[in-house]
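Q: In order, the protein sequence lines correspond to chains A and B. All the letters of the first sequence, read from the start, carry residue numbers 1 to 493 under the working numbering. All the letters of the second sequence, read from the start, carry residue numbers 494 to 986 under the working numbering.
There are 2 protein chains.
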Amino acid sequence: MPTVDPLVAPLGSADAAIAALSVDRLGRQSLQHQIVRQIRQFILAGRLRQGARMPSTRGLAHELGVSRITVTLAYDQLASEGYTEARRGSGMYVCSTIPDEVLKATGKVDARKQPRSFPPRDEPFVPRPHRPFQVGAIDPELFPHATWSRLLARAWRNPVSSLTGEADSFGWRPLRSAIARHLADWRGMDCDSAEIVVTSGTADALDVIAHCVFAAGDTVLVEEPGYAAMRFGLAKNGLNVLPVRVDDEGFDLETAGPRVKAKGAVLTPSRQFPLGATLTLARRLRLLDWVARTGGYLIEDDFDSEYRYRGAPLPALMSLDRNERVIYLGSFSKILSPTLRLGFMVLPMPLLDKVRAYLRLRGVAASLVAQPALAEFMSSGDLAVHIRRTRRLYAQRQEALISAAGMLDGLLELVPSTAGMHLVADLAPGLRKQMTDRVATGLAANAGVIVRPLADYFAGRPDRSALLLGFAGFGEAELTRSVRLLTEALRRQ
Amino acid sequence: MPTVDPLVAPLGSADAAIAALSVDRLGRQSLQHQIVRQIRQFILAGRLRQGARMPSTRGLAHELGVSRITVTLAYDQLASEGYTEARRGSGMYVCSTIPDEVLKATGKVDARKQPRSFPPRDEPFVPRPHRPFQVGAIDPELFPHATWSRLLARAWRNPVSSLTGEADSFGWRPLRSAIARHLADWRGMDCDSAEIVVTSGTADALDVIAHCVFAAGDTVLVEEPGYAAMRFGLAKNGLNVLPVRVDDEGFDLETAGPRVKAKGAVLTPSRQFPLGATLTLARRLRLLDWVARTGGYLIEDDFDSEYRYRGAPLPALMSLDRNERVIYLGSFSKILSPTLRLGFMVLPMPLLDKVRAYLRLRGVAASLVAQPALAEFMSSGDLAVHIRRTRRLYAQRQEALISAAGMLDGLLELVPSTAGMHLVADLAPGLRKQMTDRVATGLAANAGVIVRPLADYFAGRPDRSALLLGFAGFGEAELTRSVRLLTEALRRQ
């Protein structure tokens with residue numbers, strides 16, 4: 001029998017249930033929510049009877065060791081949901097009008113008889129503020145809503161049974177044709193729509209690759225620094241990930257050492273992520289020769305190659321391959337929106353059967369809902385217009401960032417880039433003596449500026465101290481203002 | 494130097510390249526396609542020069558060991574794509590008008606100068622015919638296209654940045670609220686939208702469960718017979734799968750033996766898939782007690798529980814759980830369409846943090862495109878109307894199937910079912926002496942009737958011989974006709 005604190009009395013019939021209440025200060029849920037949730041369950045389970053008097057806010061706050069305002073807010077929410085009611089001058093009571101159906105928590109609930117806000121609402125998800133210099137962020141304002149809405153409506157209006165019946169596990173065929181055409185136009189690639197598999201993004205592609213191309217326990221080389229989700233995706237599927245340091249010419253097979261028994265490598269040849277080097281032709285040929293000799297595979301991750309501002313891109317690594325040893329990964333996350341969850345792989349022909357059989361068992365991850373609309377958006381030329389428009393804008397934004405960087409007083413060293421959506425800003429020697437890039441990131445965050453330290457992209461020990469400044473998603477004035485805030489934050493030290 | 498067959502001469506400049514042609518009789522691609530593809534690549538790579546004469550169809554057919562019609566069709570396709578051209582009376586030549594841009598396979602291709610059908614088209618995906626008695630097939634004709642089209646357009650018309658910016662990794666909040674409400678209405682469950690994670694389907698959910706709930710090497714019990722994709726999804730994520738025979742009361746923990754050190758079980762308590770038993774209350778309580786004692790988890794797969802035709806459903810297993818040891822899996826594949834790739838998990842509160850951290854690294858699989866439309870479709874009541882309408886229809890279809898089964902002359906023994914989308918039809922003793930269910934399936938297929946043998950659902954040795962007859966997706970006349978065809982196919986033996 002729990003001791004009853006005099007402050008909590010009189011508890012009436014609510015005491016036993018209330019004594020079972022507990023809060024977890026380390027829980028993800030707010031204390032208020034935890035209290036609401038438990039009391040709600042007690043009421044629904046009949047442990048708190050209809051008409052029972054609730055403890056006073058002061059008493060319950062004391063018992064749980066929380067502030068009184070937390071309990072007051074919790075009571076307010078329970079009342080607004082129809083679980084409890086205040087009676088003038090005598091406190092809070094479990095509502096006597098909760099329909100029986102609701103009380104039988106395991107019974108069928110009749111929607112018409114429920115309290116208005118049943119089921120109770122949780123705190124909403126709060127996205128991080130969309131602010132400079134978030135790496136990889138696109139500008140949601142630029143999304144072509146009107147066209148997209150029209151295309152979605154048109155695709156789904158007509159009862160085409162292929163939209164809702166059995167689906168091709170490789171994706172909507174017209175989309176795959178449009179992707180083949182896009183790759184021909186933008187990357188000079190010659191591939192057939194039959195070789196293209198629509199995915200729900202990198203994680204989906206890596207799952208397929210890990211199970212159909214490599215075998216559990218195989219070693220795969222990745223770039224250092226590189227994309228953490230890539231390393232995670234490979235490792236979680238049972239592969240052994242070996243990071244190899246990149247230099248100004250990109251990924252160097254020599255650095256990995258001649259004795260390494262890796263079965264392949266995952267690379268960003270167009271523009272190394274995050275440092276920006278373009279993999280040189282000599283190194284491309286060496287890599288292709290390596291996989292041709294060893295029977296390995298190269299995974300070419302080409303996630304944002306459309307955003308090149310000057311000069312012609314090098315052709316895709318895949319288009320140099322004559323031995324069917326390259327798998328190409330593309331994505332619509334950067335050129336349209338990550339919320340579509342649409343990307344694709346281009347597979348060498350000999351892998352198609354195996355991947356199809358695998359997908360038949362595993363199931364498809366990519367939704368068909370947007371695929372016909374996207375196919376139409378691509379073949380009408382609208383996507384090309386959208387890319388050219390955003391590319392022009394992103395180029396201007398990069399210029400605005402570089403011009404604003406004059407304010408930085410030499411604290412950071414920015415190098416313009418011919419491509420991509422962020423710049424790498426090295427800490428100048430003076431600043432580097434005072435702090436690491438992680439410390440600089442913390443100072444920036446205190447000033448309301450989001451920067452990522454290069455250290456975050458290393459699997460091992462970082463050997464370079466820099467900040468990553470994403471510019472693509474933000475207006476020029478916002479970028480300039482954020483450079484000022486960043487300068488003040490770093491100079492204050 | 495390959496020997497040149499006299500039939501192939503004169504090869505002109507095409508001989509070396511053509512000698513490199515090969516076909517793979519076991520490949521997924523048709524022989525014709527393989528030939529087209531290779532010749533196309535030779536032309537694009539410059540290995541077959543413009544104006545070069547192609548070998549005769551007869552000569553090439555002989556050399557490759559394929560029929561002449563195959564080569565003729567391949568040549569026709571190459572000509573129609575603009576790669577080759579026939580010259581009157583003197584055979585086929587590589588086109589001399591292919592623009593330079595196309596020939597430089599690695600260069601940038603100008604769309605305006607391409608041959609009309611570049612990139613070349615592949616054979617389209619041909620879905621299996623939508624015919625009785627495909628198990629799990631829904632009727633694509635019933636999909637609410639008009640409403641769906643309108644809701645998609647409305648959701649995407651307005652530039653809400655939360656649609657294209659950073660997304661909640663658990664899914665679109667209003668959809669999660671609508672799902673919580675749906676579960677309260679249809680399954681008598683009391684869960685909070687905060688506990689609901691929108692997934693792209695079973696594979697996505699199993700990936701999360703395998704990495705956040707269990708650990709690699711853990712043993713998990715599954716139903717025998719059961720859903721093969723479930724076993725595959727668990728095993729591919731490193732779990733050890735132990736099938737346990739179900740009986741008329743569903744899954745029996747006793748059968749697994751008292752010494753089994755499993756960490757949990759995956760179950761279909763509402764209606765065992767594929768046999769149809771409802772897990773009894775006594776067994777539910779025993780399972781809940783087991784996981785409460787051992788700290789294990791039960792995965793409740795409730796993929797089609799909306800389709801119950803008579804009687805009240807037992808409450809969800811999750812709603813009996815007082816120890817947060819049950820994970821509930823739901824899906825929109827059966828009640829709307831599998832092409833949406835939308836399902837959900839209901840997670841016990843203590844797992845939420847871990848799953849959120851995991852999804853941050855792994856990435857989200859479920860597309861956001863349909864989520865606002867689906868949320869609206871649910872909260873407007875349209876989904877409930879759709880389910881009631883299809884449920885009524887499916888009940889009639891089951892009746893039509895059972896009434897047509899009178900024609901079966903006792904070859905199969907059908908038992909009506911109060912729920913689900915298929916019936917189990919045991920081979921009668923007389924038929925069972927003559928053939929297995931797999932043989933019966935083959936005979937049915939020859940007659941154009943799709944049935945699945947129960948044997949397909951067993952991980953181990955089948956101990957029962959039956960056919961699964963899906964009825965939900967097909968009209969009554971079609972069902973009746975198919976029963977007649979099936980009867981004829983089986984009686985002929």
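The beta carbon of each residue, even a glycine, is placed where N, CA and C say it ideally should be. Given the structure is predicted, the values throughout are model-derived calculations rather than measurements.
Output the distance between the C-alpha atoms of residue 252/A and residue 320/A, rounded to the nearest integer angstrom.
A: Approximately 18 Å between the Cα atoms of the pair.
Q: For residue 234/A and residue 215/A, what's the separation of their Cα atoms in angstroms?
A: Their Cα atoms are separated by approximately 11 Å.
Q: Looking at the unbroken beta strand (DSSP E) that takes in residue 675/B, where does it start and where does it end?
A: First-last for residue 675/B: 666 to 680, but that is the alpha helix (DSSP H), not the beta strand (DSSP E).
Q: In the DSSP assignment, what residue or residues form a beta bridge with residue 824/B?
A: Answer is 836/B.
Q: Starting from residue 659/B, trace the beta strand (DSSP E) in both directions and tell me its first and last residue.
A: Careful: residue 659/B lies outside any beta strand (DSSP E) and carries neither H nor E.
Q: Given this structure, state the Cα-to-Cα distance separating residue 267/A from residue 322/A, to the nearest angstrom.
A: Distance between the alpha carbons of residue 267/A and residue 322/A: 18 Å.
Q: I'd like to know whether the C-beta of residue 368/A is nearer than 8 Å to at least one C-beta of chain B.
A: Yes - at least one Cβ of chain B is within 8 Å of the one on residue 368/A.
Q: Excluding the five sequence neighbours on either side, which residues of its own chain have a C-beta within less than 6 Å of the C-beta of residue 524/B, listed in chain order?
A: 516, 559, 563.
Q: Nearest to residue 183/A by CA position, among 303/A, 165/A, 459/A, is which residue?
A: Considering only alpha carbons, the answer is 303/A.
Q: Which class does residue 714/B belong to by DSSP, given the choice of helix, strand or coil?
A: Three-state result, residue 714/B: strand.
Q: Could you tell me which of 751/B, 842/B, 512/B sits nearest to residue 535/B, measuring between CA atoms?
A: Looking at the Cα atoms, 512/B is the closest of the given residues.
Q: Considering only their Cβ atoms, is the gap separating residue 339/A from residue 411/A smaller than 8 Å?
A: Result no, Cβ atoms of residue 411/A and residue 339/A do not sit closer than 8 Å.
Q: Am I right that residue 459/A and residue 243/A are in contact with their C-beta atoms under 8 Å? What's the rounded C-beta distance?
A: Right, their Cβ atoms sit about 4 Å apart.
Q: Rounded to the nearest angstrom, what separates residue 605/B and residue 166/A at their Cα positions?
A: At residue 605/B the pLDDT is 36, less than 50, meaning the model places this residue with poor confidence; the figure from the coordinates comes in the next sentence. Roughly 36 Å between the two C-alpha positions.
Q: What does DSSP give as the partner residues of residue 736/B in its beta bridges?
A: Bridge partners of residue 736/B: 715/B.
Q: Would you say residue 135/A faces chain B, with C-beta separation under 8 Å as the test?
A: So, not an interface residue.
Q: Return the CA-CA distance between residue 754/B and residue 72/A, expressed in angstroms with no decimal places.
A: Answer to the nearest angstrom: the Cα atoms are 47 Å apart.
Q: In terms of residues, what are the limits of the beta strand (DSSP E) holding residue 198/A?
A: 196 to 199 is the span of the beta strand (DSSP E), which, as asked, contains residue 198/A.
Q: Kindly list the residues whose CB is nearer than 7 Å to the CB of residue 985/B, restricted to its own chain and excluding five residues on each side of it in sequence; keep chain order.
A: Contacts found: none.
Q: For a cutoff of 8 Å on Cβ pairs, would you count residue 165/A as touching chain B?
A: Taking Cβ atoms only, chain B reaches closer than 8 Å to residue 165/A, which makes this a yes.
Q: Please list the residues of the stretch 840 to 858 of chain B that have a C-beta atom closer than 8 Å to any C-beta atom in chain A, keeping them in chain order.
A: Here the close residues are 842, 845, 846, 849, 854, 855, 856, 857, 858.
Q: Residue 982/B by DSSP, collapsed to three states: which one?
A: In the structure shown, residue 982/B sits in a helix (DSSP, three-state: H, G or I).
Q: Suppose the cutoff is 6 Å on Cβ atoms and the five residues either side in sequence are ignored; what does the same chain contact list for residue 891/B look like?
A: Cβ within range, chain order: 964.
Q: For residue 143/A and chain B, any beta-carbon pair shorter than 8 Å?
A: Yes, residue 143/A lies at the interface with chain B (some Cβ there is under 8 Å from its Cβ).
Q: Could you check the C-alpha separation between residue 365/A and residue 792/B for me, to the nearest Å?
A: Those two C-alpha atoms are separated by around 20 Å.
Q: Which same chain residues end up closer than 6 Å to residue 632/B when comparing Cβ atoms and leaving out the 5 residues on each side of it in sequence?
A: Same-chain partners within the cutoff: 966.
Q: Note down the Cα distance separating residue 933/B from residue 666/B, rounded to an integer number of angstroms.
A: Cα-Cα distance, rounded: 48 Å.
Q: Starting from residue 884/B and walking both ways along the alpha helix (DSSP H), at which residues does that stretch end?
A: Start and end: 875 to 897.
Q: Fully enclosed by the stretch 402 to 426 of chain A, which beta strand (DSSP E) runs are 3 residues long or longer?
A: For the stretch 402 to 426 of chain A, whole beta strand (DSSP E) runs of length 3 or above, ordered along the chain, are 412 to 414.
Q: On a CA-only basis, which of 380/A, 350/A, 369/A, 385/A is nearest residue 518/B? Give me that one, please.
A: Of 380/A, 350/A, 369/A, 385/A, the residue nearest in Cα terms is 350/A.
Q: In the DSSP assignment, find the unbroken beta strand (DSSP E) run with residue 209/A in it and report its ends.
A: Element bounds for residue 209/A: not the beta strand (DSSP E) but the alpha helix (DSSP H), 202 to 212.
Q: What separation, rounded to the nearest whole angstrom, lies between the Cα atoms of residue 126/A and residue 324/A?
A: Taking the straight line from one Cα to the other gives about 45 Å.
Q: Mind checking if residue 107/A is an interface residue toward chain B, Cβ cutoff 8 Å exclusive?
A: Low confidence applies to residue 107/A: its pLDDT is 32, below 50, so where it sits in the model is not reliable, and the reading given next is rough at best. Yes, residue 107/A lies at the interface with chain B (some Cβ there is under 8 Å from its Cβ).
Q: Which residues share a DSSP beta bridge with residue 494/A?
A: The first residue shown for chain A is 1 and the last is 493, placing residue 494/A beyond what the model contains.
Q: In whole angstroms, give me the CA-to-CA distance for residue 690/B and residue 669/B.
A: Straight-line Cα distance between these residues: approximately 7 Å.
Q: Leaving out five residues before and five after residue 241/A in sequence, what residues of the same chain have Cβ atoms less than 7 Å from its Cβ?
A: Once the five neighbours on either side are set aside, the close Cβ partners of residue 241/A are 220, 222, 231, 234, 235.
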